[in-house]
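Each remark here refers to the structure printed beneath this line.
Residue numbers (this note's numbering), protein chains in the order written: chain A, 668 to 934; chain B, 56 to 318.
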């Protein structure tokens with residue numbers, strides 16, 4: 668266990684080195700956040716009762732989504748892992764007493780965590796001072812805040828476990844491009860990255876909430892602003908745990924199979 | 056210590072003619088060719104030996120090393136390294152071996168060398184006193200003091216290779232696999248690396264298996280040579296048995312390759 672933690676720690680500190688990348692990221696996320704807030708504000712001006720979430724809750728959802736983008740953006744994948752498979756550096760990882768799945772999983776989580784650590788605070792701080800209802804509102808209650816942190820962590824793990832599947836499938840497909848585009852655009856849409864899931868028509872929404880994508884950002888961002896009932900929250904957290912287990916289990920089996928028939932590319 | 060019997064490994068390679076038409080055809084019908092990288096390879100290496108594993112490009116040297124170090128799974132044959140089957144229980148196996156791939160890097164690019172070493176310490180669960188001792192020895196022998204605190208991206212190839220070799224030995228393995236460890240190094244670095252490997256073998260009795268195209272490496276290091284070509288063992292003997300009078304080693308080996316028709 669210690670070795671995976673050391674690996675995590677080194678990757679995490681390495682991630683904190685990239686300051687300029689973080690500044691650029693913050694600027695982009697501000698621009699994106701403001702744009703989304705303005706679009707939704709325009710819609711709400713039409714008829715604010717036609718929407719399932721209050722404007723304030725929607726804006727909080729947007730700002731949290733921007734702040735923790737690095738947690739949940741499936742398109743932010745680790746090119747080092749792809750390179751390791753495609754160019755054959757995996758040879759070195761395989762001759763260490765480590766489990767490939769575990770090491771890549773801790774690496775993915777470390778990268779996402781370090782990126783978010785550098786970016787989330789300025790974004791959330793500024794968003795908190797924006798005038799109501801356009802900024803980040805206070806959490807619904809202490810309990811909601813606690814559940815928000817819990818589901819945020821679960822969502823991060825689900826996202827990392829989902830990306831692991833794409834890394835591992837690269838063993839079989841050689842080129843990651845197709846899978847990446849397919850899965851990441853699906854994930855962005857179905858996880859509520861484009862618009863929050865409650866905005867979808869009810870029958871569609873019912874199905875979407877059962878998918879693994881809904882176990883990513885959807886749960887924590889909605890719990891924060893209190894737009895989930897107690898029963899809904901329970902169900903959502905159980906689903907997060909369920910999907911986390913399924914994704915890791917499938918990933919580990921696929922990874923073991925891939926290791927057996929591995930080809931180290933490039934001699 | 057290492058016993059290899061009837062080892063076979065093949066790769067499936069997609070082939071097509073160049074050009075647009077051929078590429079379109081390949082969309083519907085793909086042609087594969089099976090390349091037999093290893094056909095019935097057998098040898099035994101005993102404890103403390105230093106073996107040069109040579110052969111032309113594509114002969115199957117690296118495939119053998121990768122099978123012995125648990126990375127690849129062969130199609131047929133048996134391997135026993137210290138009683139372990141490398142690919143059956145990879146994690147147990149690799150704890151006891153060290154591997155250096157001259158063409159790849161195991162060090163973290165953007166952080167000081169020391170960070171990579173500390174990580175390896177935790178990965179191999181090396182106890183602190185033992186780690187300190189290994190590190191001191193390696194630092195002294197390879198002259199690393201100046202290098203340990205620099206980021207890897209700013210080291211020269213020769214400096215990096217010395218660090219790579221040290222990294223593979225921190226956990227004090229009994230077997231060391233070196234896959235082209237002197238590739239691209241200048242004369243000074245080459246000599247340093249060779250001298251270090253000799254010393255390691257003499258003082259600690261580490262078994263060393265070395266692949267290289269540099270015949271001077273072989274001359275300086277290996278008491279025994281295994282020659283492989285087209286996936287088969289062609290010759291297994293000591294260096295003096297192939298040397299002909301005063302001919303330079305490169306010419307001798309080139310002649311050897313020609314006589315076996317492997318190039």
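Idealized CB from N, CA, C, for every residue including glycine.
An exposed status is given to residue 180(B), since fewer than 16 other beta-carbon atoms sit within 10 Å of its beta-carbon. Close CB contacts of residue 94(B) within its chain, under the 7 Å cut and outside five residues either way in sequence, are with 63, 286, 287 (chain order). Minimum Cα-Cα distance from residue 266(B) among the listed residues 115(B), 89(B), 102(B) corresponds to 115(B).
Per DSSP, residue 762(A) lies in no alpha helix (DSSP H) and is assigned neither H nor E. The beta carbon of residue 58(B) does not come within 8 Å of any beta carbon belonging to chain A, so the residue lies off that interface. Residue environment: residue 96(B) is assigned as buried (16 or more neighbouring CB atoms within 10 Å of its CB, all protein chains considered). Within the segment 233-288 of chain B, the complete beta strand (DSSP E) segments of 3 residues or longer fall at 262-266, 279-284, listed in chain order.
Annotation: the continuous beta strand (DSSP E) that includes residue 88(B) extends over 86-100. For the pair residue 120(B) and residue 698(A), the Cα-to-Cα distance works out to about 53 Å.
Distance between residue 838(A) and residue 769(A), taken at the CA atoms: about 16 Å. Taking residue 683(A) as the centre and dropping the five residues before and after it, the same chain places the C-beta of 781 closer than 6 Å to its C-beta, in chain order. Secondary structure note for residue 741(A): it is in no alpha helix (DSSP H), with a DSSP letter that is neither H nor E.
With the rule of 3 Cβ pairs closer than 8 Å, the segment 798-811 of chain A does not count as touching the segment 190-203 of chain B. Where residue 889(A) is concerned, the enclosing alpha helix (DSSP H) starts and stops at 884-891.
Below the 9 Å Cβ cutoff, chain B contributes 173, 174, 176, 177, 178 as neighbours of residue 673(A), in chain order.
Think of a sphere of 7 Å around the beta carbon of residue 861(A): no beta carbon from chain B falls inside it, the nearest being about 34 Å out. Judged by DSSP in its simplified three-state form, residue 826(A) adopts helix. Scanning chain B for C-beta atoms nearer than 7 Å to the C-beta of residue 763(A) yields 149, 178, reported in chain order. At a cut-off of 8 Å between beta-carbon atoms, residue 929(A) makes contact with chain B. For residue 670(A), the secondary structure class from DSSP, reduced to helix, strand or coil, is helix. For the pair residue 890(A) and residue 814(A), the Cα-to-Cα distance works out to about 7 Å. In the DSSP assignment, residue 108(B) falls within the unbroken beta strand (DSSP E) covering 105-109. Of all alpha-carbon atoms in 676(A), 734(A), 722(A), 772(A), the one lying nearest the alpha-carbon of residue 692(A) is that of 734(A). By the rule that beta-carbons nearer than 8 Å mark a contact, residue 71(B) does not touch chain A. DSSP lists 131(B) as the bridge partner or partners of residue 63(B).
Inside the segment 844-912 of chain A, DSSP marks whole alpha helix (DSSP H) runs of 4 or more residues at positions 844-857, 869-875, 884-891, from first to last along the chain. When beta bridges are read from the DSSP output, residue 154(B) appears opposite 232(B). Contact with chain B is found for residue 684(A), since one of that chain's Cβ atoms lies less than 8 Å from the residue's Cβ. Selection 77(B), 92(B), 183(B), 60(B) evaluated against residue 136(B) yields 60(B) as nearest (Cα-Cα). Per DSSP, residue 184(B) is one residue of the alpha helix (DSSP H) stretching across 183-197. In the DSSP annotation of this structure, the continuous segment of the alpha helix (DSSP H) that includes residue 122(B) starts and ends at 116-123.
Rounded to the nearest whole angstrom, the CA to CA distance from residue 840(A) to residue 144(B) is 26 Å. For residue 137(B), no alpha helix (DSSP H) segment is defined, and its DSSP state is neither H nor E.
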